[in-house]
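Remarks on the structure that follows.
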Amino acid sequence: MSKTITFKTHYFLFVFIILLASCNNASKKSTIKPTVNKETKALKKILFVVTSHSKKGDTGEKTGYYLGEVSHPWDVLHSAGYEIDFVSPQGGKAPVDAFDMTDSINKKFWDNTTYRNKIEHTKTPSEVNPEDYIAIHYAGGHGAMWDFADNTEIAEIAKQIYENNGVVSAVCHGPAGLVNIKLSNGSYLVDGKKVNAFTNEEEVKVKLEDVVPFLLEDQLIAHGAIFEKSAPFTNHVVSDQRLVTGQNPQSAHSVGKATLNELQKLTKNAQ
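Structure (structure tokens):
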């Protein structure tokens, strides 16, 4: 008899503990916050720089940013999950050059209402917080030769992004924005790094060597760049110490891929 009572007592005590635990869990359920999946945390953004300049010197010819040098890197980086903002020296609507809608990537970019609106309402440099960005990309187009090199505000933004362990990329005439960037130690960003850009030979071939305010290849070399190049209008991209540069419009897609590769290295190293 005593064994039966002891068994029943233990049984009911066990059931009571289970029920009590269930009630406690139920009462806490509404206050428990879901665990944040670090893999879905929003990525830092990428800043694209485009020119505000619309004339090729005194030639009377129009210019601006080269559409493919925006759209192709955008396609690679946006597809990888990065949000992209646009800045120009003057802000507002940026002039566009080489408006080729037979290029499917150009058309994809231009038909994207969100990004079409962004590039037609670019930020001014004063509206940009470098802390928001993990990379900065300078798109080319001959206009960049007139308003990139001496823009100290955008150079400071690029310097801060780079020194925050970010990536700097540029293509074709976009590296005009790199020539005068100085780091905190006083050295030029390009000094001692492998770099390429629109070459002297390519400038001669488009008959603008006497129109542009300086030859990009010469200026980069003057500031310490180790200049690499291929035959004119050949796809050529080089990456060196989080600096990615491409030679011409034909290199734009590869610049996007190389930039993404550098960003993936940063992510891997941070894990």
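According to mature numbering (1 follows the signal peptide of the UniProt record, and there is no 0), the stretch in the sequence shown is residues -26 to -1, 1 to 245, in order. The beta-carbon is built from N, C-alpha and C at its ideal position, and this holds for glycine as well.
- Residues Ile20, Ile58, Gly230, Thr233, Leu234 of the same chain have their beta carbon placed closer than 7 Å to that of Leu51, with the five preceding and five following residues left out of the count.
- Counting only residues of its own chain and dropping the five nearest sequence neighbours on each side, Ser62 has a CB closer than 6 Å to the CB of Val24, Ser26, Ala68, Thr96.
- When Cβ pairs closer than 8 Å are counted between the two stretches, the segment 102 to 115 is seen not to touch the segment 76 to 84, the count staying below three.
- By the Cβ rule, the segment 197 to 213 does not count as touching the segment 27 to 37, because fewer than three pairs are nearer than 8 Å.
- Boundaries of the alpha helix (DSSP H) around Asp121: 118 to 121.
- Residue ranges of uninterrupted alpha helix (DSSP H) with 4 or more members, entirely inside the segment 103 to 144 and ordered along the chain, are 118 to 121, 126 to 137.
- Exposed is the label assigned to Asn139, since fewer than 16 other Cβ atoms lie within 10 Å of its Cβ.
- Rounded to the nearest whole angstrom, the C-alpha separation of Val141 and Leu217 is 6 Å.
- Its chain contains Lys167 as the residues whose beta carbon lies nearer than 7 Å to that of Gln215, once the 5 sequence neighbours on both sides are disregarded; these appear in chain order.
- One alpha carbon belongs to Asp165, the other to Ile200, and they sit about 8 Å apart.
- The beta carbons of Glu137 and Leu157 sit about 7 Å from each other, so the pair counts as a contact at 8 Å.
- The alpha-carbon of Asp71 is positioned some 15 Å away from that of Ala226.
- The distance from the Cβ of Val169 to that of Leu194 is about 6 Å, consistent with a contact at the 8 Å cut-off.
- Separation of the CB atoms of His197 and Val145 is rounded to 18 Å, and the pair is thereby denied contact status at 8 Å.
- Approximately 5 Å separates the beta-carbon atoms of Ile135 and Pro104; this is inside 8 Å, confirming the contact.
- If you check the CB distance, Leu237 and Ala54 come in under 9 Å.
- DSSP places Thr76 outside both helix and strand once states are collapsed to three, so it counts as coil.
- Taking C-beta separations shorter than 7 Å and ignoring five residues to either side along the sequence, the partners of Asn222 in its chain run Cys146, Phe172, Glu176, Phe207, following chain order.
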